[in-house]
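Report on one structure; see the data block that follows.
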Amino acid sequence: TLRYVLLLLLKPVSAAVTHSLHFLYTGVFGDQKWPEFVGVAMVDGAEVIYCDSNISRAEPKQDWMTKALEHDPKHMDWFTEECHAGHRSFNAMMKTLMESFDQTGGVHIYQRMFGCELDDETEEVNGYNQFGYDGEDFMKPQALITKHKWDTDKAALAHIKSLLTQLCPEWLKMFVNSGKSSLLRTELPSVSLLQKTPSSPVSCHATGFYPHRAVMFWRKDGEELYEDVDQGEILPNHDETFQMRVDLDISSVTPEDWRRYDCVFQLSGVKEDVVTRLDKAEIRTNWGNIGIRKDEGGQQILNSTISGYNQYGYNGEDFLTFDLETETWIAANPQAETTKQEWDGNTANNQY
């Protein structure tokens, strides 16, 4: 039996660059507001190809991808056919899954993620192929019937192996070469300290950085902290940059010890760290004055203190916060990203 697993390794950001080509298929049953099937291809975290069940042909989403596919249109033909095949497979799988889980109605989501990662120095390839149902890995007892069926389909297993270990790396090399002016760029973030109440954790939030190969952590006296720290995910912004946060529980930190703490952001390809010292004067909050600060090339700039804020919450948790400096919204969790993109597009309202 062939198994493909995506390995997530913690590596220094100064290590050799790893490029990725990921495909994400999502099928939705029982909700007519969305296309029944959506397929997305992403290179290094940037959406490059899109298709859904309502359009007849896959569409490039980057100018450089459009040019690359014009020179070699057979790749777009493959993506289009793969999208149609994915839609057909979704219909068959959804029927099987609902029967396995004894479901007759409701809204259900079936997902497939597959792709490859390529080390540009060693050319080592890691491929993966994963399935999920209703937000969970498809590894439950109900999956055994499907597993046994797939394990005996030797032709399909050989096709998957070829796709992940040969075709995918070849495409990835071609796409990275075509889009290197965009994919190999570096953009430093704007870094802010956020806090909801005086007793809440302090969140170090970085937004607007590229690429997504970045790490951020809290230090005390120059040593990285692992306790009293909550590490958030790296999330996409609407402009193809990224954001991330890391929270520090300060409930046991005395006021005189604040100066011993700082937040460190490291970006792949950039030697200088972006360091933000824990300082009440720089914390942006909804209970007092706030300071705005932006880090550029390792330089720290503290602007004049202001006292404005605009935040939204849902079920007792942060949902969206308005960033006065960039005039964009900060999504506190993945579920808020769709609303963030919609509100970010309303520039007139944001300026008001």
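The sequence shown runs -15 to -1, 1 to 337 under mature numbering (1 follows the signal peptide of the UniProt record, and there is no 0).
Even for Gly, the Cβ is constructed at its ideal location relative to N, Cα and C.
(request) Look at His72 and Phe14 and say whether their C-beta atoms are less than 8 Å apart. (result) No, they are not a contact pair.
(request) Report, in whole angstroms, the separation of the C-beta atoms of Pro186 and Leu103, which I expect to be a contact under 8 Å. (result) That pair is no contact at about 37 Å.
(message) My assumption, with CB atoms under 8 Å, is that Lys46 sits in contact with Glu32. Please give the rounded CB distance.
(response) Between Lys46 and Glu32 the beta-carbon gap is near 5 Å, inside 8 Å, which marks them as a contact.
(request) Rank Gln180, Tyr113, Leu9 by C-alpha distance to the C-alpha of Leu148 and give the top, closest one. (result) Ranking Gln180, Tyr113, Leu9 by Cα distance to Leu148 puts Tyr113 first.
(message) Strictly by DSSP, which residues pair up with Val25?
(response) Val25 is bridged to Leu9, Tyr35.
(request) Scan the region 71 to 158 and note each continuous alpha helix (DSSP H) run of 4 residues or more that stays entirely inside, going in chain order. (result) If we require 4 residues or more, the alpha helix (DSSP H) runs fully inside the region 71 to 158 come out as 129 to 136, 139 to 147.
(request) Report yes or no: do the region 186 to 201 and the region 220 to 239 share at least 3 C-beta pairs separated by less than 8 Å? (result) When C-beta atoms of the region 186 to 201 are compared with those of the region 220 to 239, three or more pairs fall below 8 Å, so the two segments count as touching.
(message) Looking at the secondary structure, which residues open and close the beta strand (DSSP E) in which Ala199 lies?
(response) Segment 199 to 205, the beta strand (DSSP E) holding Ala199.
(request) Return the CA-CA distance between Ile275 and Ser175, expressed in angstroms with no decimal places. (result) No answer about Ile275 holds up, because its pLDDT of 41 lies below 50 and its placement is not dependable.
(request) Please state whether DSSP places Asn209 in a helix, a strand or coil. (result) First, the amino acid is wrong: residue 209 is Glu here, not Asn. DSSP places Glu209 in strand when its eight states are reduced to three.
(request) Sort out for me which residues DSSP pairs Cys248 with in a bridge. (result) Paired residue(s): Trp203, Thr261.
(request) Just mark Ile40 as buried or exposed, buried being the case when its beta carbon has 16 or more other beta carbons within 10 Å. (result) If you draw a 10 Å sphere on the C-beta of Ile40, you find fewer than 16 other C-beta atoms in it, and that means exposed.
(message) Among Leu220, Phe202, Ile219, whose alpha-carbon lies nearest the alpha-carbon of Asp234?
(response) That would be Phe202, whose Cα lies nearest to the Cα of Asp234.
(request) Within its chain, find whatever has a CB closer than 6 Å to the CB of Gln216; leave out the 5 residues flanking it on each side and keep chain order. (result) Here the set comprises Val231.
(message) Between which two residues does the beta strand (DSSP E) holding His56 run?
(response) DSSP places His56 in no beta strand (DSSP E) but in the uninterrupted alpha helix (DSSP H) bounded by 48 to 56.
(message) Quick check: the Cα distance between Arg97 and Thr11, rounded to an integer number of angstroms?
(response) Distance between the alpha carbons of Arg97 and Thr11: 7 Å.
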